[in-house]
Amino acid sequence: MAEARIGLTGLGVMGANLALNIAEKGFSVAIHNRTGSRIDGFIAEAGVLSDRFVVAPTLESLAAALPRPRAVIIMVKAGDAVDAVIDLLRPHLDAGDVLIDAGNADFRDTRRREAALLAEGFQFIGMGVSGGEQGARNGPSIMVGGSQEAYRAISEIVEAIAARYQGLPCAARLGPDGAGHFVKTVHNGIEYADMQMIAEIYGLLRQGEGRSTETVMSLFEEWNGGPLKSYLIEITARVLAARDPETGQPMVDAILDRVGQKGTGRWTLIEALKLGQSVSVIEAAVGARSWSAAKDLREIGAERLTGPRAGEIGPALLDADLERALLAARVISHAQGFALLSVASAEFGWNLDLARIAEIWRAGCIIRSALLDDIAGAFRNPPPGNSLILAPAFVRILNDDVGSLRRVVARSVLAGLSVPALSAAVGYFDTMRRARGTGALIQAQRDFFGAHGFERIDRDGNGFHGPWSMTRSDSGGHRDGF
Ligand code: NBP
């Protein structure tokens with residue numbers, strides 16, 4: 059059988075486009091799909107690239123088409139399907155062969171799969187691929203986790219197919235085992251936050267101020283020429299420009315306001331909480347998607363719950379205020395995401411290079427933006443605690459622009475418009491700029507009902523207790539072990 063340089067199983071949206079991208083860069087690809095008819099359809103549409111593919115009707119023939127050590131990309135639905143493919147493929151592999159899961163895996167699954175495959179002498183890579191269909195075809199951002207040795211087997215191909223930023227590939231091995239999939243998960247969390255914040259500004263303009271879709275579209279288009287320049291701002295303008303072919307009205311107005319999610323946003327929150335962190339802006343975005351799904355309840359709420367009505371927002375905010383508010387909130391949500399990466403890196407021993415991560419997100423991926431170049435710069439001289447909001451360049455931006463964010467949030471709240479992600483961003487900023495917060499009262503409460511003890515501001519040690527029995531309590535001084 060003809061030999062191909064690399065194998066790929068799973069010719070769905072991402073797999074098919076990735077296979078075409080690899081072939082276009084001059085590498086031959088052995089292709090397989092569970093449902094054979096998809097392979098025929100793929101070859102029929104591959105055009106001039108079709109002779110770079112070796113069709114493998116079975117996983118056995120896929121393995122047979124590859125030189126050793128074999129490298130096989132698995133691009134199937136995340137979860138059980140990946141385990142199923144690995145189980146079916148394994149009998150046809152030899153020690154040293156490299157399996158690459160390029161789907162959106164939970165990084166804990168990646169760690170488990172790597173450990174199991176390494177024990178049998180195979181190599182495993184968990185590879186996060188971002189950029190959607192177009193990215194996979196023309197150049198995604200690629201986040202690799204796995205051993206150096208495993209990455210060496212595929213680095214030439216990975217770096218050839220990746221997006222490029224100023225000539226450099228947006229692909230890197232970021233660390234061992236689940237590092238790549240974890241970074242991809244947090245990337246998606248930041249993506250959720252950015253989309254939600256854009257939608258909140260859109261809601262303020264359309265539902266609050268009653269501006270036309272065309273006006274809002276022009277504003278986003280204009281912002282894409284400034285510090286907010288990014289893929290998500292660009293496609294927002296393009297989405298708003300689109301008309302429903304059936305009604306001639308803005309397409310967005312014909313779309314039901316119920317948002318789907320596949321899990322990576324939620325995983326970001328779960329992992330943050332497990333690590334004792336809070337990514338509150340991402341949390342707000344994930345929560346807002348869940349609330350959006352409660353369409354029936356919102357319809358009842360619209361009848362029964364009162365508040366300011368559309369049009370009661372008062373004088374319009376300055377466009378520049380909105381732009382600066384979104385920039386400040388974007389900085390804050392990225393800061394939370396990178397803080398999570400930093401803590402996870404320490405916990406799992408990944409030694410993540412945060413500057414490198416920002417670099418490979420500058421092109422190809424969904425959150426690519428002008429901001430990421432500045433973030434890469436900021437992490438080359440790491441700020442205290444890897445906290446981006448404390449890096450000099452971002453201190454300047456935040457001190458200049460959080461006032462706008464504050465005005466936008468205050469105006470929205472008074473007008474009865476829901477801005478959970480923008481509000482969360484201000485809340486984080488205001489918490490982090492206070493050396494003394496309100497935690498002393500919570501410590502006193504915990505000691506009161508649970509004798510948990512507290513630290514004092516004027517002495518070392520942590521076992522201090524308050525004179526609570528001296529204070530009057532209507533509850534009879536009940537203490538509990540919370
Ligand atoms: P699609 O839904 O387009 O394709 C799914 C593929 O999985 C098909 O080839 C399907 O084979 C295969 N598959 C399934 Br479903 N169950 C299988 C099983 N039990 N055994 C073997 N193959 C199975 O998905 P996609 O959008 O290409 O996504 C693939 C991965 O990439 C996912 O992990 C996704 O989260 C990730 N991802 C997607 C995007 C995106 O924008 N779409 C972006 C980044 C990452 P069949 O033809 O036989 O049904």
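Numbering-wise (the numbering used here), the sequence shown opens with residue 59 and increments by one. Heads up, the beta-carbon is just placed ideally off N, CA and C, and yes, glycines get one too.
Taking 8 Å as the cut-off, is the C-beta of N91 nearer than that to any heavy atom in the ligand NBP? It does: the Cβ of N91 is within 8 Å (strictly closer) of some heavy atom of the ligand NBP.
Whole angstroms are fine: how far does the CA of L331 sit from the CA of S348? 18 Å
Per-residue DSSP class, three states only, for Q181: strand
Between A300, N282, R301, A299, which has its C-alpha nearest E292's C-alpha? Scanning A300, N282, R301, A299 for the CA closest to the CA of E292 turns up N282.
Taking only runs of the beta strand (DSSP E) that begin and end inside the segment 380 to 426, which ones reach a length of at least 3 residues, in chain order? When DSSP assignments are scanned along the segment 380 to 426, no uninterrupted stretch of beta strand (DSSP E) that is 3 or more residues long falls wholly within it.
For a minimum of 3 consecutive residues, which ranges assigned as the beta strand (DSSP E) are wholly contained in the segment 79 to 141? 87 to 90, 111 to 113, 129 to 132
Report the three-state DSSP secondary structure of F540 (helix, strand or coil). Residue placement at F540 cannot be trusted, given a pLDDT of 48 that sits under 50; the coordinates are not used to answer.
What I want to know is whether the C-beta of V143 ends up closer than 8 Å to one or more non-hydrogen atoms of the ligand NBP. Look at V143: its beta carbon is less than 8 Å from one of the heavy atoms in the ligand NBP.
To test your reading of the DSSP string, which unbroken beta strand (DSSP E) runs of 3 or more residues are found completely within the segment 303 to 388? Scanning the segment 303 to 388 from its first residue to its last, no whole beta strand (DSSP E) run of 3-plus residues comes out.
Could you check how far apart the C-beta atoms of A402 and F182 are, in whole angstroms? I think they sit under 8 Å. Actually they do not touch by this definition, with Cβ atoms about 19 Å apart.
Using three-state DSSP, classify G535 as helix, strand or coil. With a pLDDT of only 48 at G535, under 50, the local geometry of the prediction cannot be trusted, and no value is derived from it.
Closer than 8 Å: D167 CB and nearest the ligand NBP heavy atom: no
With a cut-off of 8 Å on the beta carbons, I'd call A473 and P366 a contact; round off their distance for me. 5 Å
Inter-residue spacing [alpha-carbon to alpha-carbon] between G70 and A114: 16 Å
In this structure, what does DSSP give as the bridge partners for I158? Bridge partners of I158: I131, I183.
Just curious, the alpha helix (DSSP H) that M201 is in, first and last residue? Taken as a continuous stretch (DSSP letters only), M201 belongs to no alpha helix (DSSP H), being part of the beta strand (DSSP E) at 199 to 203.
Enumerate in chain order the residues of its own chain whose CB-to-CB distance from Q319 is below 6 Å, with the five nearest sequence positions on each side excluded. R347
Output yes or no for whether 9 Å exceeds the beta carbon distance between E381 and P285. yes
Straight-line CA distance for F540 to Q503? The predicted position of F540 is uncertain, since its pLDDT is 48 and thus under 50; no value can be drawn from it.
Determine the burial state of Q307: buried for a count of at least 16 other Cβ atoms within 10 Å of its Cβ, exposed for fewer. exposed
Quick check on L69: does DSSP put it in helix, strand or coil? coil
Please indicate yes or no: does the CB of R96 lie closer than 8 Å to some heavy atom of the ligand NBP? Checking the Cβ of R96 against the ligand NBP gives yes.
What do you get for M201, buried or exposed, if any count of 16 or more other CB atoms within 10 angstroms of its CB means buried? buried
Given this structure, state the Cα-to-Cα distance separating G186 from T67, to the nearest angstrom. 16 Å
Between the Cα of T168 and those of A509, G204, P198, spot the shortest distance and give me the residue it belongs to. G204
Can you list, in chain order, the residues of its chain with a C-beta nearer than 7 Å to that of I390? Leave out the 5 residues immediately preceding and following it. V339, I447, A483, Y486, F487
Below 7 Å CB to CB, which residues in the same chain sit around D431 once its five sequence neighbours on both sides are set aside? Shown here for D431: same chain residues with a beta carbon closer than 7 Å to its own, the five before and five after excluded, namely R420 in chain order.
Is G422 near the ligand NBP, going by C-beta to nearest heavy atom under 8 Å? It does not: the Cβ of G422 is nowhere closer than 8 Å to a heavy atom of the ligand NBP.
Presumed contact (8 Å Cβ cut-off) between S188 and H245, rounded CB distance: 6 Å
Within the segment 186 to 258, note down every full beta strand (DSSP E) run reaching 3 residues or more, in order along the chain. 199 to 203, 229 to 233
Using only alpha-carbon positions, find the residue among D235, I80, V106 that is nearest to G193. Checking every option, the nearest Cα to that of G193 belongs to I80.
Select from K83, I158, R316 the residue whose C-alpha is nearest the C-alpha of L107. K83
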